[in-house]
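Below: one structure, written as structure tokens.
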Amino acid sequence: MIAPQDLGLPERIRLLRCPAGEAEDANLVWLTRELAEEGIDKVWWPDVAVKKEVKRKETDWNWKWVEYAGFVRAKLGQFGYAWAAQTADRAVQGAIIYRINDLSYLEEGAPAVYCDYLATAPRNRAWLATDPCYTKVGTGLLTLAVTHSYLLGMGGRLNLISKDDERTVSWYKKYGFQETGQEMAGMLVLELTPEQAARHLPIEP
Amino acid sequence: MKTTRRFSGDDTPITGAADVPCRPGNPALDDIPEDADPLTVHLLTLIRLNPGIVQFRTDADTLVRMTPDDKRLLLADIQKALGMKPVGRVIKP
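These protein sequence lines are chains A and B, in that order.
Note that our numbering has the first sequence beginning at 56, numbered continuously upward.
Note that our numbering has the second sequence beginning at 7, numbered continuously upward.
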């Protein structure tokens, strides 16, 4: 099992505990099938008390992370990565799956990382949970993928598919993503260029 | 009335759910052995993606046989040569 530090990647992300905002680090660990099942599939949605119709508005309400964790090695092979952010209580606060062998949509031939899946635990979503636990989970995981892209000489270039709604797209644009003019399965393809990625890299002073 | 402080970034969107695109992978990485360990893949990817800068004539098989420590040293040397700055151990908001 690999650890992020084996590849020179950051080993933790700093979260902010709600509501006061105290900093608390989460370890970045490889998302095994077992962790996906026990730490995500069996607890994320059962743990958050929301009506079924509210839950079903969430893109990921029926995702099967155990399958995706298996898919990383089976389909993405040596280019796929799956990480989870795990707090000291062993709870998984978020997860990301990406591949490092994609290409840019904006600059022909430029290498890019492609983010397949990214989600923060429903209990951390302010619009679902009465008392969200942590913020900055998704941002931290996304920055991990951007950092991986940087360390491979791609400058932090990363693309992903976003739901075409205002809240989602505006969040990505605030992070620095731009629209590529491409659509896939009714969703927008967004890309983060190296210029924008530079703002997020955890470069040592 | 109870209030909840919100932070910028609370609304981190969820991405994924679309069918995995059938885009071919980056052809520059085609020769990376499927059974290579993650560190070797990392190293070879860095080399293959920067052919104009990294003049490295050792073949993939030789790299696979290097010790992990040697791979890490080589990796650090190449990243330095490419002008990359070291990243910290923690991603901070």
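A virtual CB, placed ideally from N, CA and C, is assigned to each residue, including glycine.
Check	Outcome
Might you give, ordered along the chain, the residues of its own chain that have their beta carbon closer than 8 Å to the beta carbon of residue 27 of chain B, omitting 5 neighbours on each side?	Note that residue 27 of chain B scores 49 on pLDDT, short of 50, meaning its location in the model is unreliable; the coordinates nonetheless yield the value given after this. The answer is none, since no qualifying residue turns up.
Would you mind working out which of B/98, B/46, B/99 and B/75 sits nearest residue 68 of chain B, comparing C-alpha positions?	B/46
Using DSSP with H/G/I as helix, E/B as strand and the rest coil, what is residue 84 of chain B?	helix
Between residue 62 of chain A and chain B, is the shortest Cβ-Cβ distance under 7 Å, so that the two count as touching?	yes
Would you tell me roughly how many angstroms separate the C-alpha atoms of residue 82 of chain A and residue 143 of chain A, rounded to the nearest one?	8 Å
Below 8 Å CB to CB, which residues in the same chain sit around residue 261 of chain A once its five sequence neighbours on both sides are set aside?	It is not possible to answer for residue 261 of chain A, since the shown part of chain A is limited to 56 through 260.
Give the interface partners of residue 134 of chain A over in chain B, defined as CB-CB distance under 9 Å, in chain order.	31, 32, 35, 38, 47 and 51
Name, going along the chain, the residues of the segment 69 to 87 of chain B whose beta-carbon falls closer than 9 Å to a beta-carbon of chain A.	74, 78, 81, 82, 84 and 85
Under 7 Å between C-beta atoms, does residue 235 of chain A make it to chain B?	no
My assumption, with CB atoms under 8 Å, is that residue 169 of chain A sits in contact with residue 154 of chain A. Please give the rounded CB distance.	5 Å
Residues in the same chain with beta-carbon distance under 6 Å from residue 96 of chain A, minus the five sequence neighbours each way, listed in chain order, please.	120 and 121
Can you look up residue 80 of chain A in the DSSP assignment and give me helix, strand or coil?	strand
What are the uninterrupted segments assigned as alpha helix (DSSP H) that are 4 or more residues long and contained completely in the segment 47 to 77 of chain B, given in chain order?	66 to 71
In chain order, what residues of the same chain have a beta carbon less than 8 Å from the beta carbon of residue 66 of chain A, not counting five sequence neighbours either side?	58, 59, 60, 82 and 83
Take every Cβ of the segment 145 to 159 of chain A, pair it with every Cβ of the segment 182 to 195 of chain A, and state whether three or more of those distances are shorter than 8 Å.	yes
Could you tell me the boundaries of the alpha helix (DSSP H) in which residue 145 of chain A lies?	Segment: none, residue 145 of chain A is in no alpha helix (DSSP H) and carries neither H nor E.
Against chain B, with Cβ distances strictly below 7 Å, would residue 57 of chain A count as a contact?	yes
Please say whether residue 178 of chain A and residue 103 of chain A have beta carbons closer to each other than 7 Å?	yes
Would you identify the three-state DSSP class for residue 220 of chain A, choosing helix, strand or coil?	coil
Alpha carbon to alpha carbon, how far is residue 90 of chain A from residue 115 of chain A?	17 Å
Can you list the beta strand (DSSP E) stretches of 3 or more residues lying completely in the segment 161 to 239 of chain A, in chain order?	166 to 175, 213 to 217 and 233 to 239
Alpha carbon to alpha carbon, how far is residue 184 of chain A from residue 73 of chain A? Give it in angstroms, no decimals.	11 Å
For residue 90 of chain B, count neighbouring Cβ atoms within 10 angstroms of its own Cβ and tell me buried if that reaches 16, exposed if not.	buried
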